[in-house]
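J.:
2 protein chains.
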Amino acid sequence: MVKGASVEVVKVDGRVERGEQTRRQILRRAAEIASVEGLEGLSIGRLATELEVSKSGVFAHFGSKEELQLSTVRAAAAIFVRQVVEPALVEPPGRARLELLLDGWLAYSENRTFPGGCFFYAVQAEFDARPGRVRDSIAGFGREWNSYVRETVAAIPEVADPDQLAFELVAFLEMANAQSVLHDDPHAYERARVAVRNRLAQAGTAASTALR
Amino acid sequence: MVKGASVEVVKVDGRVERGEQTRRQILRRAAEIASVEGLEGLSIGRLATELEVSKSGVFAHFGSKEELQLSTVRAAAAIFVRQVVEPALVEPPGRARLELLLDGWLAYSENRTFPGGCFFYAVQAEFDARPGRVRDSIAGFGREWNSYVRETVAAIPEVADPDQLAFELVAFLEMANAQSVLHDDPHAYERARVAVRNRLAQAGTAASTALR
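So the sequences go chain by chain: C and W. Under our numbering, think of the first position of the first sequence as 10, with each following residue one higher. Under our numbering, think of the first position of the second sequence as 10, with each following residue one higher.
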């Protein structure tokens with residue numbers, strides 16, 4: 010009986026794991042599509058066709074378009090954290106971590122982690138005038154990101170006004186993404202890197218640059 | 010006969026003028042709606058109801074939804090030029106004109122000339138992945154604006170790299186608009202003003218600030 014029960018567990022686990030894998034695949038593709046065409050461009054039928062899963066299979070995972078959109082936003086946020094936030098944690102709080110974080114963001118946008126550039130830039134303007142859970146979720150992640158940059162900036166003792174500096178640094182990142190996505194400007198990321206470097210030097214953290 | 014002809018002209022003119030006025034009214038309202046809900050949110054039926062004109066009347070002016078969208082973009086550009094670009098022309102090319110231009114842009118966004126903030130910010134993300142005449146028109150006005158800021162910056166002799174400075178200044182403006190529209194941040198415009206002031210001072214144009 011014990012043996013039988015354990016086989017049963019393995020079988021269930023296998024099914025759960027396959028289900029999880031399909032779910033991840035669906036959300037990965039959904040985030041790619043949404044970064045180019047917006048979250049309204051998502052359809053359960055289209056995802057099923059593209060990923061060669063049954064429509065009812067996709068539906069079983071999400072149940073409604075709104076749930077699919079919410080899950081897509083969460084999946085994009087997880088990818089963002091893995092690619093931008095986590096790598097910077099190898100450095101202790103301070104200027105080096107901030108630099109890794111900003112470089113990581115620019116690489117995330119420039120390397121087209123999502124084909125439409127920054128996922129959140131793409132879906133924010135789409136949903137800012139549509140009250141509801143999807144907008145709240147997008148706005149919530151945006152606020153978290155802004156706060157995290159602000160905290161990271163605030164951990165540098167030389168910085169007099171962390172809110173002001175965080176505002177300016179994030180402005181450079183978003184401008185690079187927008188100029189690249191909308192106007193195909195090949196110099197946008199380099200300009201953002203120059204701007205970040207200058208601004209950090211000006212903020213009284215110049216010493217560490219001079220040492221490099 | 011001459012008298013009759015002149016009456017005829019007056020009648021035609023009157024009709025033309027009334028038509029022009031209706032057209033302007035329709036486009037003004039269309040631009041307001043689009044700044045909040047996007048250009049896809051425009052419908053001839055809705056505009057007719059709101060403005061108490063007949064649907065066929067609105068249709069007679071534009072003929073198709075695409076024409077309505079294109080005319081709305083042009084109307085918004087004309088409002089933008091009147092509110093942001095023209096007032097700065099009272100100053101000769103140079104730092105004072107640049108300051109008026111940047112202040113004018115921040116006021117245009119902060120005073121909600123369009124209820125959804127900057128019209129172009131609102132519709133750019135909506136159309137960046139929809140190839141066609143509407144996207145080309147929006148992108149064209151965006152490029153013209155960027156070039157105009159760059160030229161205005163380049164007219165200041167002390168500025169070493171006008172492309173870089175224009176990139177950073179526009180980044181501050183757009184960040185203020187985005188933070189205010191998306192996150193209701195009451196400090197966004199003040200942060201942009203501080204950022205602009207610091208950056209211009211840093212660009213070697215500090216003398217004129219000191220004189221004020």
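For every residue, glycine included, the Cβ atom is placed at its ideal position computed from N, Cα and C. The structure displayed is predicted, hence computed values, not measured ones.
Can you confirm whether residue 6/C, when its beta carbon is compared against all beta carbons of chain W, has any partner nearer than 8 Å?
T.: Past the boundaries of the shown model lies residue 6/C; chain C is included only from 10 to 221, so the question cannot be answered.
J.: Anything in chain C within Cβ reach of residue 152/W, meaning under 8 Å, just list it in chain order.
T.: Those are 192, listed as they occur along chain C.
J.: Output the distance between the C-alpha atoms of residue 215/W and residue 152/W, rounded to the nearest integer angstrom.
T.: Confidence in residue 215/W is poor, its pLDDT being 48 and thus under 50, which makes the residue's placement unreliable; the coordinate value appears in the next sentence. Roughly 28 Å separates the two Cα atoms.
J.: What are the residues in the region 21 to 43 of chain C lying within 8 Å of chain W by C-beta distance?
T.: For the region 21 to 43 of chain C, which is checked against every Cβ of chain W, not one residue is closer than 8 Å.
J.: How many Å lie between residue 70/W and residue 206/C at the Cα?
T.: If you take the alpha carbons of residue 70/W and residue 206/C, they lie about 52 Å apart.
J.: Only counting runs of 3 or more residues, tell me where the beta strand (DSSP E) segments fall wholly within the region 26 to 52 of chain C, in order along the chain.
T.: As far as the region 26 to 52 of chain C is concerned, it has no whole beta strand (DSSP E) run of at least 3 residues.
J.: Whole angstroms are fine: how far does the CA of residue 57/C sit from the CA of residue 103/W?
T.: Cα to Cα, the separation comes out at about 58 Å.
J.: Within the same chain, show all residues whose beta-carbon is closer than 6 Å to that of residue 212/W, passing over the 5 residues directly before and after it, in chain order.
T.: Around residue 212/W: 168 and 174.
J.: Considering residue 65/W, what are the terminal residues of the alpha helix (DSSP H) in which it resides?
T.: 64 to 71 is the span of the alpha helix (DSSP H), which, as asked, contains residue 65/W.
J.: Quick test of the definition: if touching needs 3 or more C-beta pairs under 8 Å, does the region 111 to 122 of chain W touch the region 49 to 69 of chain W?
T.: No, they do not touch.
J.: Keeping to the same chain, check which residues put their C-beta closer than 7 Å to that of residue 194/C; ignore five residues upstream and five downstream.
T.: Hits under 7 Å: 188.
J.: Please go through the same chain and pick out, in chain order, the residues whose beta-carbon is closer than 8 Å to the beta-carbon of residue 25/W, but skip the five residues on each side of it.
T.: Once the five neighbours on either side are set aside, residue 25/W has no close Cβ partner at all.
J.: Is residue 168/W helix, strand or coil when you go by DSSP?
T.: It is coil, neither helix nor strand.
J.: In angstroms, rounded to a whole number, what distance separates the CA positions of residue 1/W and residue 177/C?
T.: This structure gives no information on residue 1/W, because the portion of chain W shown stretches from 10 to 221.
J.: So with CB distances below 7 Å, who are the chain W contacts of residue 211/C?
T.: What residue 211/C touches in chain W: 211.
J.: Is there at least one Cβ from chain C nearer than 8 Å to residue 92/W's Cβ?
T.: Answer no: the Cβ-Cβ gap between residue 92/W and chain C never drops below 8 Å.
J.: Taking beta-carbon pairs under 8 Å, can you tell me which members of the region 160 to 180 of chain C lie near chain W?
T.: Against chain W - using a Cβ distance shorter than 8 Å - the residues of the region 160 to 180 of chain C are 172, 173, 176, 177, 179 and 180.
J.: At the level of alpha carbons, what is the spacing between residue 204/W and residue 156/C?
T.: Taking the straight line joining both Cα atoms gives about 19 Å.
J.: For residue 138/W and residue 46/C, I'd like the C-alpha separation in whole angstroms.
T.: C-alpha separation (whole angstroms): 6 Å.
J.: Is the region 115 to 132 of chain C touching the region 89 to 105 of chain C in the sense that three or more CB pairs, one from each, lie closer than 8 Å?
T.: Short answer: they touch.
J.: Buried or exposed for residue 118/W, please, with buried defined as at least 16 other CB atoms from any protein chain shown within 10 angstroms of its CB.
T.: Classification for residue 118/W: buried.
J.: For residue 183/W, which residues in chain C fall below 9 Å Cβ to Cβ?
T.: What residue 183/W touches in chain C: 180, 183, 184 and 187.
J.: Taking the continuous alpha helix (DSSP H) assigned at residue 207/C, which residues delimit it?
T.: Unbroken alpha helix (DSSP H) run through residue 207/C: 197 to 209.
J.: Spell out whether any CB of chain C is found under 8 Å from the CB atom of residue 119/W.
T.: No, residue 119/W does not count as interfacial toward chain C.
J.: Whole angstroms are fine: how far does the CA of residue 158/W sit from the CA of residue 107/W?
T.: Answer to the nearest angstrom: the Cα atoms are 8 Å apart.
J.: With DSSP as the reference, label residue 179/W as helix, strand or coil.
T.: Of the three classes helix, strand and coil, the one that applies to residue 179/W here is helix, per DSSP.
J.: Going along chain A, which residues have a C-beta under 8 Å from residue 125/W?
T.: The displayed structure is made up of protein chains C and W, and chain A is not among them.
J.: Just the Cα atoms here: how many angstroms apart are residue 166/W and residue 160/W?
T.: One C-alpha to the other measures close to 12 Å.
J.: Among residues of its own chain, excluding the 5 on either side of residue 182/C, which ones have a beta-carbon nearer than 7 Å to its beta-carbon?
T.: 111, 114, 115 and 201, listed in sequence order.
J.: For residue 46/W, decide whether its Cβ has a neighbour in chain C, counting only Cβ atoms nearer than 8 Å.
T.: Yes, contact with chain C.
J.: Within 10 angstroms of the Cβ of residue 142/W, are there 16 or more other Cβ atoms? Answer buried if so, exposed if not.
T.: It is exposed - the Cβ of residue 142/W has fewer than 16 other Cβ atoms within 10 Å.
J.: Just checking: is the beta-carbon of residue 148/C within a distance shorter than 8 Å of some beta-carbon in chain W?
T.: Yes, residue 148/C counts as interfacial toward chain W.
J.: Between residue 133/C and chain W, is the shortest Cβ-Cβ distance under 8 Å, so that the two count as touching?
T.: Chain W, which has a Cβ nearer than 8 Å to the Cβ of residue 133/C, makes this yes.
J.: On a Cα-Cα basis, can you pick out the residue from 82/C, 73/C, 180/C and 172/C that is closest to residue 196/W?
T.: Comparing Cα-Cα distances from residue 196/W to each of 82/C, 73/C, 180/C and 172/C, the minimum goes to 172/C.
J.: Could you check the C-alpha separation between residue 154/C and residue 95/C for me, to the nearest Å?
T.: Their Cα atoms are separated by approximately 13 Å.
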